[in-house]
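Okay, structure first, notes after.
In my numbering, the protein residues as written are 1400 to 1574.
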């Protein structure tokens, strides 16, 4: 079910185009060595190889586009469910999503995901598509869902990572 973003003052045409802060992406890229971004746009992509809405990532074979290796995904938050389904079938994916364990897509993810990393220590200030500036006021925390190439266990491992450590470690690696 699609969200109506109740209370959002973001213009409708850019509500699904928020960009992950580069430092967070870079830190995760250092760990996973991403081969592509499966849910991007020409304005918000962080990897040189990416799929846009026009490429229809949900019906595209990601391995045929990017080869083997981990893919990055910051999906449109208005409809996360189909991205969970696709990740379960494709695997090798790191997905950044709202930390909301009360929704159906989270329960569905638990059946196939290998790791859930809750991001603690504050909310992420995503980059707004029209201004290219980080925007405070994110109304939810965030988490990472990680699908490894092969299913590791019957149930996912739960860990935490501090938002500031994600930002700081990435800044060191970029310098």
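Every residue gets a Cβ at the ideal spot worked out from N, C-alpha and C, and that includes glycine.
- The Cβ atoms of residue 1461 and residue 1436 lie no closer than 7 Å to each other.
- DSSP places residue 1555 outside any beta strand (DSSP E), giving it a letter other than H or E.
- Every alpha helix (DSSP H) of 4 residues or more that sits fully in the segment 1460-1524 is shown, in chain order, as 1461-1465, 1480-1489, 1503-1509.
- CA-CA distance, residue 1452 to residue 1556, rounds to 31 Å.
- Of 1431, 1520, 1551, the smallest CA-CA separation from residue 1509 is found for 1551.
- In the structure shown, residue 1566 falls within a helical segment according to DSSP collapsed to helix, strand and coil.
- Leaving aside the five residues that flank residue 1563 on each side, the residues in its chain whose CB is nearer than 8 Å to its CB run, in chain order, 1520, 1521.
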